[in-house]
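At the far end of the sequence shown sits residue 148, using UniProt numbering, and the numbering has no gaps. So the structure is just underneath, and the comments pick up after that.
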Amino acid sequence: MIVGIYNGTVFHFHLSFVLEDNSSICLDPSPAGLDLTDFMRIKVVLDWKDRPAPVVAKHCDSLTFMAIKPDVTIGDVLKAIFGDKKLDNYRFDDDGRGCRYWCIVVLQELAAVGLIDPVDDIIGKWEAEQAIKYAPVFYPNRYKGTFF
């Protein structure tokens, strides 16, 4: 699922995968501050919980869908994201935006390699609904960072 958290000023989006045993893995793209010459480079924080990640969000409904195909493990997903596709090599835009775009590209890439079903139609519909339901807080624009 894509989860959006609103802090009163901005949204921050991350991905959460609920596993068969009802545990969850959260992938959170956050500004790393590891490169002192570029504070907008991300570090993907991976967090495991022994329960589904709580979804408490105002001004945004989480986008939940059946994502991972049968016989695909979370190891397959993580290998595709971090090993094969190197999707942790990402830089937010100069204003620190682009986390929703990162989440969407990760899901698109997982679909492209056959690990999940295509999600473009679902995501587009969700974004349009959120922009209407939670205007002006939820911005319809996808602010884009850069993969490198």
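Built from N, CA and C at the ideal position, the CB exists for glycine as well.
Min CB distance residue i to chain C below 8 Å
| i | result |
| --- | --- |
| isoleucine 25 | Judged by its chain identifiers, the structure shown contains no chain C, having just a single protein chain. |
Cross-strand partners of residue i (DSSP beta bridge)
| i | result |
| --- | --- |
| serine 62 | Note: serine 62 sits in no beta bridge, so no partner. |
| leucine 87 | Leucine 87 is not bridged to any residue. |
| valine 45 | Asp28 |
| phenylalanine 82 | Per DSSP, none; premise fails for phenylalanine 82. |
| isoleucine 74 | None; isoleucine 74 has no bridge partner. |
| serine 16 | Cys26 |
Residue i versus residue j - alpha carbon distance
| i | j | result |
| --- | --- | --- |
| isoleucine 104 | lysine 79 | 17 Å |
| lysine 133 | lysine 49 | 30 Å |
| lysine 43 | arginine 97 | 14 Å |
| aspartate 38 | proline 29 | 15 Å |
| isoleucine 74 | valine 10 | 30 Å |
| asparagine 7 | proline 136 | 15 Å |
| asparagine 141 | asparagine 89 | 22 Å |
Reference residue i; option with closest CA among the options
| i | options | result |
| --- | --- | --- |
| arginine 51 | Val72, Phe92, Leu19 and Asn89 | Leu19 |
| leucine 15 | Asp61, Lys86, Leu107 and Gly124 | Leu107 |
| proline 31 | Arg41, Asp61 and Asn22 | Arg41 |
| aspartate 61 | Ala128, Asn141 and Phe148 | Ala128 |
| phenylalanine 147 | Phe11, Ile81, Thr64 and Val137 | Ile81 |
| valine 113 | Ile2, Ile68 and Val10 | Ile68 |
Short Cβ contact (8 Å threshold) for residue i with residue j
| i | j | result |
| --- | --- | --- |
| phenylalanine 17 | isoleucine 5 | no |
| glutamate 109 | lysine 85 | yes |
| phenylalanine 13 | arginine 91 | no |
| aspartate 93 | tyrosine 139 | no |
| leucine 115 | valine 72 | yes |
| isoleucine 123 | leucine 27 | no |
| alanine 131 | valine 119 | no |
Per-residue burial, residue i [other beta carbons within 10 Å of its own, 16 or more giving buried]
| i | result |
| --- | --- |
| tryptophan 102 | buried |
| glycine 145 | buried |
| leucine 87 | buried |
| valine 77 | buried |
| leucine 36 | exposed |
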